[in-house]
Amino acid sequence: MSKTLFQKIWDAHKVKQLPDGTYLVYIDRVFLHERTGSIALQSLAETGRKVRHPDQVFCTMDHIVDTFPGRGDETVMPSGKDFIQATRKEAKAAGITLFDIGDERQGIAHVISPELGIVQPGLTLVCPDSHTCTQGALGAAAWGIGSSEAEHAMATQTLRINKPKLMRVWFEGELNSSVTAKDMILHLISKFGAHGGAGHAIEFAGPAVEALSIEARMTLCNMAVEFAAFTGLVAPDQKTIDYLQGRPYAPKGEQWDTAVEYWHNLRTDEDALFDTEIKIDVADIEPTITWGTSPQHACGISQTVPELNTLASEDARTAATRALAYQDLKSGDKLLGLKIDCAFIGSCTNSRIEDLRKAAAILAGKKVATHVKAICVPGSQQVKAAAEREGLHQVFLDAGFEWRESGCSMCFYAGGEHFGKQQRVLSTSNRNFESRQGPETRTHLASPETVAASAIYGCITDPRAVPRSDR
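Residue numbers (the working numbering): 479 to 949.
1) Give me, in chain order, the residues of the same chain whose beta-carbon lies closer than 8 angstroms to that of residue 540; leave out the 5 immediate sequence neighbours on both sides.
2) Pick helix, strand or coil for residue 495, following the three-state DSSP scheme.
3) Is the beta carbon of residue 927 less than 8 angstroms from the beta carbon of residue 658?
4) Counting only runs of 3+ residues fully inside the stretch 564 to 641, write out the beta strand (DSSP E) ranges in chain order.
5) If you draw a straight line from the C-alpha of residue 784 to the C-alpha of residue 794, how long is it?
6) Along the chain, where does the beta strand (DSSP E) containing residue 852 start, and where does it finish?
7) Between which two residues does the alpha helix (DSSP H) containing residue 793 stretch?
8) According to DSSP, is residue 823 part of a helix, a strand, or is it coil?
9) On the CB-based measure, 16 or more other CB atoms within 10 Å of its CB, does residue 573 come out buried or exposed?
10) Alpha carbon to alpha carbon, how far is residue 547 from residue 743? Give it in angstroms, no decimals.
11) Is DSSP giving residue 902 helix, strand or coil here?
12) Report yes if the CB atom of residue 734 is closer than 8 angstroms to the CB atom of residue 599, and no otherwise.
13) Considering only DSSP beta bridges, list what residue 481 is partnered with.
14) Quick check on DSSP: helix, strand or coil for residue 845?
15) Would residue 850 and residue 820 qualify as a contact pair, given that the criterion is a beta-carbon distance under 8 angstroms?
16) Do residue 695 and residue 615 have their beta-carbon atoms positioned less than 8 angstroms apart in this structure?
17) Taking all protein chains shown into account, do 16 or more other C-beta atoms lie within 10 angstroms of the C-beta of residue 491, making it buried, or fewer, making it exposed?
18) State the CB to CB distance for the pair residue 947 and residue 839, rounded to an integer number of angstroms; the pair is presumed to be in contact (CB under 8 angstroms).
19) Excluding the 5 residues flanking residue 610 on each side, which residues of the same chain have their C-beta closer than 6 angstroms to its C-beta?
20) Residue 683 to residue 780, Cα distance in whole Å?
21) Considering only the beta carbon of each residue, do residue 766 and residue 811 sit closer than 8 angstroms?
22) Of all the beta strand (DSSP E) runs that stay within the bounds of the stretch 640 to 695, which reach a length of 3 or more residues?
23) Based on the DSSP output, what are the partners of residue 538 in its beta bridges?
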C-alpha cells in the first residue's frame, strides 16, 4: 500500500489503537524549556514516577532567560529566577541533559535541537511549545504538547493522540529575488486562512521546497502551527543528510550508514493519497507582511490593506475590523512607507545564521534610522559565535542594532522583555497577536531582509529596492 511520509513515521511508532479511537504512539525524544519544564519534572517527581529514558530527554533555557549581555539567573520576568533555578535542580535530579545559561550549546529549543542533531528524520519528538513543528524540516514528526503530556511522555515514552489528517502543500516555480521561506508561509496562510490546515499533518513539497536550504525549511515548518496544523514536515534529502553529518547527537560509524539507508526511504510514495492538496506557484509571491493581528492578515508588500468586503465571512470581517483599529490602520492604507518604531530580528522562526547573513548583507555600511530601536537576538549561542566569527555582529552593531545573547526574547511578552505601548514593531517572529511583544504593541511579521531594509529607512521598505553588500 502506498504511503505518505507522515504515514510511514506514524506506522513505525504506532503502539496500539485505544477503545476511544485515539492512538498510543511511541515518542523518541522529549525536549523541555524552563517555562514549563520545571513544572513537568517537579510534578513527575511528586507522583513518584521517574523519567523512563533520561538520555532521550533534553532541556534548555530559552523562554524566560534574559538576552542582555552578561546575563545570569536574574530576569526581567517576575519570578523568572525561580523558574530557572527550579529547572536546573529538577533536570539534575532527573538525570536529563540541560543546556544551561553559560553552556555554549544553549539556545532556543527549535534552533538547538536541529543544530545538535537531536532531531533526525523519521523520529517522533515533542516539546511543550507550539512551534516544535519547526523540527519537521528534518523529516521528523515533531509537535507541541502541554506540560501534563510532557510528564506522560517522560514517564512512559508514549503519548495518546488522535491521528491527524494528511495535507500536502506543493510549492512550484522559482522564488523571486528577496522572497524567502517566511514570505512563502505568510502567503499560504493569508490565502487559505489561519485555520486552513486545522487537524492536518502537512507535508511541504515540490521543487520550490527542494530548492530551499534546511534552515529555510525550518522557517516554513515553524509556522505550520499558525496554519492550525498538527505539524509540518519536509521529506529528507541529500541536503538533510549533509546538514546532519557530524553533528554531536547524529549517529556515528556504522549507525550513520544504517540511518542514512533508512532516511532514503522516508519519502511519500508517488501514488499515495492526501486528504487535502494545495498547489502554489512561488513566482506569484512578493515580500509579504502582516497588516493585522493574525498571520492570516498578510499581503504582498506593494499591496494595500484589503477592503473588508473582500473577506470571505462575517467573522473574518469582524476580526479584521478589530485588528485594523488595534493596528491604527484602515482599508486601502499602503504598507510601504508606514513608519515603524522598532525592528526585531530573532525568534525560532528567523534567528539562524542564514537569517543573520541575509539581514547583514542589507545592513552593511548603513545606519538604522535614528528613531528606530533595533534588536538582534541570535537563536543559539552557536549561531551567535558563528556570526561573530564572520564579523556579522559588527555589521549589526555598526548599523545601530543591539546585539544580544540567545533566547526567545521579545518574540513574546510573557518572558518579560518587551517593546513599548503602541509601538509599531517590524518583527521576524511568528505571531502578531494583540500585545504579543508588549502592552498594546503593533506587530507586523516579515522576513529578516524586509526587517533590515525597513530598519534603515525607519518605515516599511521593500527589500528588493535596497542595495546590498557581499562585504
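C-beta: ideal position from N, C-alpha, C; glycine also.
Looking at the coordinates:
1) 511, 512, 584, 585, 586, 587, 884, 885, 886
2) The DSSP-derived three-state label of residue 495 is strand.
3) yes
4) 575 to 577, 602 to 605, 619 to 622, 636 to 639
5) 12 angstroms
6) 851 to 854
7) 792 to 805
8) strand
9) exposed
10) 45 angstroms
11) The three-state reading of DSSP puts residue 902 in strand, counting E and B together.
12) no
13) Note: residue 481 sits in no beta bridge, so no partner.
14) Residue 845 falls in the coil class under three-state DSSP.
15) In this structure, the beta-carbon distance from residue 850 to residue 820 falls below 8 angstroms.
16) yes
17) buried
18) 6 angstroms
19) 620, 621, 622
20) 27 angstroms
21) no
22) Counting whole runs of 3 or more residues, the stretch 640 to 695 contains the beta strand (DSSP E) stretches 643 to 650, 678 to 683.
23) 511, 577
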